[in-house]
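The structure appears right after this line, and notes come after that.
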Ligand code: LLP
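Residue numbers (my numbering): -12 to 415.
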């Protein structure tokens, strides 16, 4: 469920008309709903009741500080993959003990930073990383809690580029390696292995691979415990898919909880999850204005928007589908026309969709890309020297700009000219 609804024909976010935000902040602009973020987090965590689970929100999905602070106040932890994300989580008020540091290539500097900060868990993804962690922990005189990320060799996820749990992917170690590395870590005296972890993919709409991966972790846990090595916790990653359009709806968190119960009923283990998309995707939209409609003689109708692939790259990168809704609803009987919806960037990849059936639109109309709250703004860039798209957070009837659009002065001011190119009149 989300809080983007038409009221009297005008699309709102909670109690705020999107048109008002577009008028005040300009377009393109991302708009997030506090109520949806909160609801998704609470529903996800509550789905496992009476089992208490830790939910470390995957910061990469939407790392805006106000989004993180909203979730932190509900008790969320943070799954992070860089020093920058750790800094964000801490600044937003996530307790350091609830920060998990994941990622396939943590630098030594990042590991040292994370240990000095005292993050709650480091998810180790390879043997060289374990070596580095042990060494840095000894140097700093700390004994960090850590997990070994297992690659359970299952295929899951909506697109090859976001499937992570197959043996051929770069993430985690094989089952045998996991047991060996976990035992090695336990014997090192330098680090405290507390958990096994996995994350097999994103936009998962069939729970079977997840259930298979969870079962694998249970078997490994039993194996380690059989060797007298304690495993207190399993970090089961994220991955649950969201409905992007009128497809059979992906399973809800309650179905995930049933799968978890099937695997872990009666098994004494603490559980952590790292959901990102399922919390944030349907809590955000990208609002854009129609620049013009360009009719080609071949009959194609291009809807040229002021949003482009640099603002929302998912369609270009993953062939992702985002519902596009006019901000002012058309009459229910208005005819639908096929549009190629594109941005102004100078490459054909800057196409959001082709042949999409929409009511007739004209210059200055507003449209909203739905389900854009996850992996939207975080993946945006300034390609074509387009200002980074701003972000707005709505809460009831109020809204705030939580990342302003940079000015051209700010953008260009970040790039000092090489000294020999200074335009100071001095000729070479
Ligand atoms: N934990 C780890 C270790 C991850 O790598 C990810 C996502 C998550 C948790 C959160 O997964 P989620 O619940 O959001 O599925 N940019 C792509 C998605 C990349 C996902 C990467 N890892 C997209 O736009 O679809």
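We put the beta carbon where it would ideally sit given N, CA and C, even for glycine.
- Residue pairing of residue 382 in beta bridges, as defined by DSSP: 385.
- About 6 Å separates the beta carbons of residue 274 and residue 14, which is inside the 8 Å limit, making them a contact pair.
- Residue 75 and residue 44 have their C-alpha atoms spaced approximately 12 Å apart.
- Inter-segment contact for the stretch 253 to 271 and the stretch 1 to 15 is absent: fewer than three beta-carbon pairs are separated by less than 8 Å.
- Residue 51 and residue 327 have their C-alpha atoms some 31 Å from each other.
- Judged by pairs of C-beta atoms under 8 Å, the stretch 261 to 271 does not touch the stretch 334 to 349, as fewer than three such pairs exist.
- Taking 9 Å as the cut-off, the Cβ atoms of residue 380 and residue 389 count as close.
- When only Cα atoms are considered, residue 133 and residue 316 end up about 51 Å apart.
- Under DSSP, residue 132 shares a beta bridge with 179.
- Considered as a whole, the stretch 252 to 315 harbours 264 to 267, 301 to 305 as its complete alpha helix (DSSP H) runs of no fewer than 4 residues, in chain order.
- Taking one beta carbon from each stretch, the stretch 347 to 365 and the stretch 28 to 38 have fewer than 3 pairs nearer than 8 Å; the two do not touch.
- Inter-segment contact for the stretch 90 to 99 and the stretch 112 to 129 is present: three or more beta-carbon pairs are separated by less than 8 Å.
- Non-local C-beta neighbours of residue 236 in its own chain, meaning closer than 7 Å and more than five positions away in sequence, comprise 230, ordered along the chain.
- At a threshold of 8 Å, residue 221 does not count as near the ligand LLP, since its beta carbon sits no closer than that to any of the ligand's heavy atoms.
- Inter-segment contact for the stretch 171 to 178 and the stretch 201 to 208 is absent: fewer than three beta-carbon pairs are separated by less than 8 Å.
- Residue range -3 to 0 is occupied by the beta strand (DSSP E) that includes residue -3.
- Comparing alpha-carbon positions, the option among 331, 322, 284 lying closest to residue 296 turns out to be 331.
- Nearest neighbour of residue 154 by Cα position, chosen from 175, 131, 187, 179, turns out to be 187.
- For residue 354, the enclosing beta strand (DSSP E) begins and ends at 353 to 356.
- Excluding sequence positions up to five before and after residue 77, its CB lies within less than 8 Å of the CB of 83, 86, 104, all in the same chain and listed in chain order.
- For residue 86, there is no enclosing alpha helix (DSSP H); the residue is part of the beta strand (DSSP E) that begins and ends at 86 to 88.
- In this structure, residue 272 sits away from residue 58, with a CB-CB distance that is not shorter than 9 Å.
- Going by C-alpha positions, residue 18 is about 35 Å away from residue 111.
- Non-local beta-carbon contacts of residue 114 in its own chain, meaning distances under 8 Å to residues more than five positions away in sequence, involve 160, 164, 168 in chain order.
- Ranking 246, 322, 180, 370 by CA distance to the CA of residue 334 puts 370 first.
- DSSP, reduced to helix, strand and coil, places residue 214 outside both helices and strands of the structure shown, so it counts as coil.
- Here residue 175 has 121 as same chain residues with Cβ atoms under 8 Å from its own Cβ, once five neighbours each way along the sequence are excluded.
- When the beta-carbon positions are compared, residue 141 and residue 67 stay at least 9 Å from each other.
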